[in-house]
Amino acid sequence: MNTHLNRMLFSRAFVKVSTCVMISASCLPMAIHAESNGSPVVQEVFQHKAISGKVVDSKGESIIGANVMEKGTTNGTITDFDGNFSLKVSANSVIVISYIGYKSIEISVSQIKAGGQITLKEDTELMDEVVVVGYGTQKKATLTGSVSSIGGDDLKKISTANLTNTLAGKTAGVIANTRSGEPGADDAEILIRGKGTLGSTAPLIVVDGIADRSFGRLNAEDIESISVLKDASAAIYGARAANGVILVTTKRGKEGKVKVNYSGNVSISQPTRIPQMLDAYQYATYVNEFDAAQGNSLTYPETALAKILDGSDQINYPNTNWWNAVAKDWATNTEHSLSISGGNERFSFYTSAQYLYQDVIYKNSPQNYNQYQFTTNLDAKITKAIKFSMDILGRQTVNNRGVYSTEDLFGYFLTTSPMAAPYYPNGMLRIGHDGITNNAVLMVSDLPGTDKTTNNTLNLKPRLRIDLDALTSGLYLEGYAALDYTFNNGKTQNTPYDIYSYDAASGEYINHRDATGSISSGSWSSNSSTITLNARIGYNRTFNDVHKVDAFVAYEQCKYDYNYLYGYRTNYISSALPDLDYGSTNKDDQSNA
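Every letter in the sequence shown is one number past the one before it in the working numbering, and letter 106, counting from 1, is 608.
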């Protein structure tokens, strides 16, 4: 009776690691005591001092919850309901006091008088910062809803091929969980304030005002800001916003000299955790323990254990670490981006081009991901009252891979016995431990076949705005028509290959090529289009520099079309001619949909 030992299957979790090295040294307050051969004792003790004070604004009102920190340490406190604080710090330290909406200040301990007032000044630039909200913008000073904003400069600090992974830890209430490191399939699962529904938990993505656009593959260099709308702030989008809304705004040209910017980076991807697997001797020992507990004869007697330890019989008793056999230490990712922007009073532009390459962590694998992207945002002031803009994005992605899915690959090489091996000592490809094709080294290669998917995307958005100040100040008409068009195609080719088993009785190797199938090929194509029309009339006016009215009435509609075609044929004469025309004409060897 064959006995199989179940082994633990670890989850496929990968994380992107940027090639950034930080070297730092820190000194902590301490007492130094040295003594040698009767020498005098040297002792240095850092003294501490208790400080106290009150933090107020420019009007003398108490600021509740202001941060009071000893610079360069984690020693700190916050002010109470009366703005008061007290803290023990080093005698010669510097205190940093900060609060949202105010400019931070640094004060030496010697300047702080017990119980004295410390005044924070308002950060007018911060309060005047414009935040993108549903169908418009709003200053932070007048923002009352639950909206978080992330600047494009913050996103560029994180080297990642997929923008969804940059949201992790960037704003409160947003969870970005990356479940895969597979090139081209590494989108993070995003949750805003946890799961809000029993069905789909994905938030609504809105890119430059257009809903349901993907932003994971946008160029980080093109992002101006990302706003996260939570709860009531997302209500304007209706039921689609049940899980929150993520608003992505891309960069536009600004008045001034032409600016040219190049960005290039190389990063690596590594597993977050490498599974620790049993070696052949450990595996055999546990199998024997199981046999003994069941009262059966031992599967691996002492003679077999000895051969496993000394490696003298690689045909019958190999010792394989399947993770090391299949995976590299890391995968390399490369990105190059070039942008040009500028403009004057009448016309401005922003144009960028990007190339992205992602390698896979598997050894000898055909899998990789290539992306080519072009973006142009144009703005023109036709007259004093008429403004026109055009947004264009073109993207092509090419995803090459083998014929086995990542789920299949991990399932096999994390559960295959270490007593199996990918090759015989003579270099011949070895059949799987529990089936002809179940060899993980074979499965990651291009021997069984290849799969290539090409996705083409074109996004267009012409927009027109007419200011009707001639009728009444602040009145305007605005509208746009957006086209999102995709054309995708793929081809899968399966090829037979030589794979062997060993007959101990005859000492011969048996080729199982016939069992691996015939040459076959399948091709598919799909195209989809989404047309969005939006028109609105709005009124935006400020009275006496104090009271502001901002209202609009809008109409929006979307139309979506999708088409799909698939064809398949087997029994090709040669793998060098994979087109459908060269497959078998027998009706049993073909299909379509």
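In this text, a Cβ means the ideal position worked out from N, Cα and C, and glycines have one as well.
This structure is a prediction, so every number in the text was calculated from the model and none was measured.
- In this structure, Ser1003 lies away from Tyr785, with their beta-carbon atoms at least 9 Å apart.
- The Cβ-Cβ distance between Ile597 and Lys615 does not fall below 9 Å.
- Following the DSSP letters along the chain, one finds Lys1061 inside the beta strand (DSSP E) bounded by residues 1049 to 1072.
- When beta bridges are read from the DSSP output, His550 appears opposite Ser592.
- DSSP, read as helix, strand or coil, puts Ser651 in strand.
- Under the 10 Å beta carbon count, Ser839 is surrounded by 16 or more other beta carbons and is classified as buried.
- With a 10 Å radius around the Cβ and a threshold of 16 neighbouring Cβ atoms, Glu837 comes out buried.
- In the DSSP assignment, Trp1026 falls outside any alpha helix (DSSP H) and within the unbroken beta strand (DSSP E) covering 1022 to 1045.
- The shortest CA-to-CA distance from Arg903 to any of Tyr987, Asp584, Ser947, Ile817 is the one to Ser947.
- In this structure, the CA atom of Ile817 is about 20 Å from the CA atom of Arg1015.
- Exposure of Thr885 is indicated by the presence of fewer than 16 other C-beta atoms within 10 angstroms of its C-beta.
- The alpha carbon of Ala593 has as its nearest neighbour, out of Asn990, Ser600, His550, Thr621, the alpha carbon of His550.
- One Cα belongs to Thr1072, the other to Ser1028, and the distance between them is close to 22 Å.
- Exclusion of the five residues before and after Ser765 leaves Glu723, Ser839 as the residues of its chain whose Cβ lies within less than 6 Å of its Cβ.
- In the three-state reduction of the DSSP assignment, Ala722 falls in the helix class, which pools H, G and I.
- Under the three-state reduction of DSSP, Arg1015 is assigned to helix.
- Going by C-alpha positions, Tyr1066 is about 21 Å away from Gly896.
- Ser606 is not a Cβ neighbour of Ser554, given a cutoff of 9 Å.
- Out of Ala795, Gln796, Gly797, Tyr819, the CA that lies nearest to the CA of Glu804 is found in Tyr819.
- Taking the CA atoms as reference points, Glu624 sits about 38 Å from Ala741.
- Arg719 sits away from Asp881, with the two beta carbons spaced by 9 Å or more.
- CA-to-CA, the gap between Ala1007 and Ala829 works out to about 35 Å.
- Of the candidates Ala942, Ile863, Phe876, Asn866, the residue whose Cα lies closest to the Cα of Tyr857 is Phe876.
- Distance check between Lys761 and each of Ala743, Ser682, Ser850 places Ser850 closest, using alpha-carbon atoms only.
- In the DSSP annotation of this structure, the continuous segment of the beta strand (DSSP E) that includes Val768 starts and ends at 758 to 773.
- For Gln796, no beta strand (DSSP E) encloses it; the enclosing alpha helix (DSSP H) starts and ends at 782 to 796.
- Proximity to Thr680 across Tyr906, Thr668, Asn798 peaks at Thr668, based on C-alpha coordinates.
- Within the same chain, Cβ atoms closer than 6 Å to the Cβ of Ile748 are found at Pro705, Ile707, Val730, the five residues on either side in sequence being excluded.
- If you look at Gly1009, you'll find it isn't in any beta strand (DSSP E); DSSP assigns it neither H nor E.
- In the three-state DSSP reduction, Val598 falls in the strand class (E or B).
- The count of Cβ pairs closer than 8 Å, one atom from the region 770 to 780 and one from the region 793 to 808, stays below three, leaving the stretches out of contact.
- The beta carbon of Leu693 sits closer than 7 Å to those of Ile677, Thr703, all from its chain and outside the five residues before and after it, given in chain order.
- Of the candidates Val750, Val557, Leu944, Thr959, the residue whose Cα lies closest to the Cα of Ser1030 is Thr959.
- Bounds of the alpha helix (DSSP H) holding Ala827 are 824 to 828.
- Contact between the region 1016 to 1027 and the region 978 to 986 is absent, with fewer than three C-beta pairs closer than 8 Å.
- For Glu572, the pairing in a beta bridge is given by DSSP as Ile597.
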